[in-house]
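For the record, the sequence lines run as chains P and Y. FYI, the numbering for the first sequence is 161 to 414, going by the numbering used here. FYI, the numbering for the second sequence is 161 to 414, going by the numbering used here. Heads up, the beta-carbon is just placed ideally off N, CA and C, and yes, glycines get one too. Before any comments, here is the structure.
Number of protein chains: 2
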Amino acid sequence: MKFIDKLRRRMDEVKNVLAIGLDTDIERLPEKFSKDSHGMYEFNCMIIESTKNLACAYKINSAFYESSGYDGMRTLQKTRDLIGDIPVIYDAKRGDIESTAKAYAKAAFELFDFDAITLSPYMGEDALNPFLKYEEKYSFVLCLSSNKSADNFEYHGEPPLYSEVAHLVNQKNYESGNCGLVVGATVAGRLAEISKMAPKSLILIPGIGTQGGDAYAVMHSVDHQKIIVNVSRAIIFADDPVASAMNYSKILSF
Amino acid sequence: MKFIDKLRRRMDEVKNVLAIGLDTDIERLPEKFSKDSHGMYEFNCMIIESTKNLACAYKINSAFYESSGYDGMRTLQKTRDLIGDIPVIYDAKRGDIESTAKAYAKAAFELFDFDAITLSPYMGEDALNPFLKYEEKYSFVLCLSSNKSADNFEYHGEPPLYSEVAHLVNQKNYESGNCGLVVGATVAGRLAEISKMAPKSLILIPGIGTQGGDAYAVMHSVDHQKIIVNVSRAIIFADDPVASAMNYSKILSF
């Protein structure tokens with residue numbers, strides 16, 4: 161089944177657009193978990209078990225697993241397997257020449273069997289094409305991000321770089337039907353504008369909570385059928401992760 | 161010892177600016193090696209053992225290890241350890257918000273203990289700063305690449321995006337002394353121009369050989385003290401890797 165259908169079906173079940181981000185920073189694990197890749201896995205088990213009825217998807221941030229070396233990569237694989245049929249996005253921001261991108265795509269979609277990935281567009285479409293060839297998978301391409309220095313380059317030029325990226329993504333999605341965008345929640349004011357540039361693309365929206373984005377503002381900016389909203393640290397490292405997940409799942413419900 | 165001093169010392173020993181890229185694509189391993197992560201490691205041992213007097217550095221391309229899952233990541237770690245004191249660049253093109261970049265930097269510089277890394281600048285300086293804090297390590301930031309679709313975005317705007325990246329890298333390098341650029345060999349004609357924008361930054365130059373870049377043209381474009389030139393597939397998958405490495409080490413000698 162294609163990612164987009166799998167996600168739609170799941171959204172219809174949970175009636176929200178919340179993705180929970182497993183940014184499992186070993187340094188921030190609660191005391192009862194060991195500060196190693198085993199503790200990471202146990203923590204992920206707890207989060208997934210207690211939130212799996214509240215989220216339409218999970219997002220796994222590669223960095224926090226790589227930073228435990230190959231043991232961390234085993235935890236990444238085990239965590240992905242544990243999630244099973246719920247859609248899982250691999251937040252990896254990969255972007256390289258075609259032969260290298262092909263190897264990254266194999267890693268993400270064949271080895272780890274993620275349903276979707278995030279990509280970086282700097283090198284242009286060569287960096288995207290090998291991922292888009294996997295028809296059942298989905299690729300979210302960085303467009304406008306939620307961090308302070310997004311304005312270093314993303315607004316560069318006239319029209320600004322981010323809109324050039326949105327137009328390329330729209331074109332690629334027209335060809336393959338599996339190419340979307342990443343737009344940070346802190347720029348909710350631009351969501352409607354960007355969505356019009358790539359009207360058939362799904363938009364993954366990180367930056368809620370710790371990064372300052374406002375979930376209400378996002379839900380009022382754009383049709384809920386076009387978005388999937390990720391919350392990571394504000395749920396998993398909350399004093400009460402389940403209460404936080406419930407709260408966000410309500411705000412992000414339809 | 162700082163990467164730049166380690167590299168200079170090594171360059172003075174081998175009298176060339178050749179880095180050999182271990183893009184160890186499992187599908188292209190010669191028949192006598194098993195097509196798994198063990199075969200990758202055996203192949204890398206053979207390449208490193210037979211070329212270690214011919215190169216000033218090695219570059220390890222993360223994608224080809226990730227694509228064998230966590231077993232591949234173990235091979236990546238073992239390969240890095242095998243190289244020992246020769247400078248090793250982690251070709252990873254990572255680029256994400258600050259908290260995530262911090263975790264990627266920990267992976268690259270603490271866990272795997274690489275000497276340098278390649279980064280993607282799309283999200284601006286937040287994506288670079290956590291790496292630059294490692295004073296003894298070095299970061300090469302994508303500027304102008306060697307692939308066909310480099311012109312999708314890298315030339316966007318006036319001045320073009322790649323020159324904006326070079327200027328930011330120059331500023332960061334002024335502060336930290338460990339920030340350089342990645343410029344593809346296929347755009348050798350722009351090397352002198354880019355080098356002037358970031359006069360104290362080292363430039364890592366991939367794209368020689370399989371990608372069509374010309375090593376002679378590169379050596380005639382810019383002062384050899386400012387560059388390190390990578391050759392991957394054209395050496396490691398040559399019929400005679402040692403002969404190919406000797407050939408490139410001569411062209412790239414000073």
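Inter-residue spacing [alpha-carbon to alpha-carbon] between asparagine 176 of chain P and phenylalanine 397 of chain Y: 50 Å
Local conformation of threonine 184 of chain Y per DSSP, three classes: coil
Whose Cβ in chain Y lies nearer than 9 Å to the Cβ of histidine 327 of chain P? Correct list: empty, because the minimum Cβ distance to chain Y is about 10 Å.
If you count every other CB in all the chains shown that lies within 10 Å of the CB of serine 413 of chain Y, and 16 or more means buried, which is it? exposed
Among the residues of its own chain, which have a CB less than 7 Å from the CB of cysteine 205 of chain P, if the five just before and after it don't count? Leu242
Which of helix, strand or coil DSSP assigns to valine 343 of chain Y: strand
Bridge partners - phenylalanine 300 of chain P, DSSP secondary structure assignment: P:Thr278 and P:Gly340
Just curious, the alpha helix (DSSP H) that arginine 240 of chain P is in, first and last residue? 229-243
Give a yes or no on whether the C-beta atoms belonging to serine 404 of chain P and alanine 394 of chain P are separated by under 9 Å. yes
So, are the CB atoms of isoleucine 257 of chain P and aspartate 286 of chain P less than 9 Å apart? yes
Pull up the CB-CB distance for tyrosine 250 of chain Y and alanine 223 of chain Y, whole angstroms please, since I reckon it's below 8 Å. In fact, because the Cβ distance is near 11 Å, the residues do not count as touching under 8 Å.
Within a Cβ cutoff of 8 Å, which residues of the same chain sit near aspartate 218 of chain Y, ignoring the five residues on either side of it in sequence? It is worth fixing the name first, because residue 218 of chain Y is tyrosine in this sequence and not aspartate. Around tyrosine 218 of chain Y: Ala179, Ile180, Gly181, Leu182, Ile208, Ile243, Ile246, Pro247, Val248 and Ile249.
Residue environment, proline 319 of chain Y, which counts as buried when at least 16 other CB atoms sit within 10 Å: exposed
Count the other CB atoms, across all protein chains shown, that sit within 10 Å of the CB of alanine 352 of chain Y; report buried if there are 16 or more and exposed otherwise. exposed
Could you give the residue range of the alpha helix (DSSP H) that holds aspartate 165 of chain P? 163-174
Starting from the C-beta of valine 347 of chain Y, find all residues in its chain whose C-beta is less than 6 Å away, skip the five residues before and the five after it, and write them out in chain order. Leu304
I want to verify the contact list: residues of chain P whose CB lies under 9 Å from the CB of proline 281 of chain Y, in sequence order. Tyr282, Asn312 and Phe313
What number of angstroms, rounded off, separates the C-alpha of threonine 211 of chain Y from the C-alpha of alanine 263 of chain P? 25 Å
Please report whether the beta-carbon of serine 306 of chain Y lies at a distance below 9 Å from any beta-carbon of chain P. yes
Please list the partners that leucine 178 of chain Y has in chain P, where partner means a Cβ-to-Cβ separation under 7 Å. By Cβ distance, chain P contributes nothing, its closest Cβ being about 20 Å from leucine 178 of chain Y, past 7 Å.
Between P:Ser309, P:Pro190 and P:Asn390, which has its C-alpha nearest aspartate 399 of chain P's C-alpha? P:Pro190
Once DSSP output is grouped into helix, strand and coil, what is the label at leucine 189 of chain P? coil
Output the distance between the C-alpha atoms of serine 355 of chain Y and arginine 170 of chain P, rounded to the nearest integer angstrom. 51 Å
Is the beta carbon of histidine 327 of chain Y less than 9 Å from the beta carbon of leucine 321 of chain P? no
In this structure, does DSSP put aspartate 251 of chain Y in helix, strand or coil? strand
Considering only residues of the same chain and omitting the five flanking positions on each side of arginine 188 of chain Y, which have a CB-CB separation below 6 Å? Phe397
Aspartate 256 of chain P touches chain Y at which residues, Cβ-Cβ below 7 Å? Ala223 and Lys253
Could you check whether glycine 255 of chain Y and glycine 373 of chain P sit closer than 9 Å to each other, using their CB atoms as the reference points? no
Is it buried or exposed, tyrosine 294 of chain Y, if we count other Cβ atoms within 10 angstroms and call 16 or more buried? buried
For isoleucine 208 of chain Y, report the span of its alpha helix (DSSP H) as first-last. 197-211
Inter-residue spacing [alpha-carbon to alpha-carbon] between aspartate 185 of chain Y and asparagine 407 of chain P: 46 Å
Among the candidates Y:Glu335, Y:Lys386 and Y:Ser336, whose CA atom is the shortest distance from the CA of valine 343 of chain Y? Y:Lys386
Take alanine 252 of chain P and list the residues in its own chain whose beta-carbon comes closer than 7 Å to its own, dropping the five residues that flank it on each side. Ser222, Ala268, Ile277 and Thr278
Of the residues P:Ile220, P:Glu335, P:Ser228 and P:Asn390, the one placed nearest aspartate 273 of chain Y, counting alpha carbons only: P:Ser228
Using the rule of at least 16 other Cβ atoms within 10 Å of the residue's Cβ for burial, across every protein chain shown, is aspartate 165 of chain P buried or exposed? exposed
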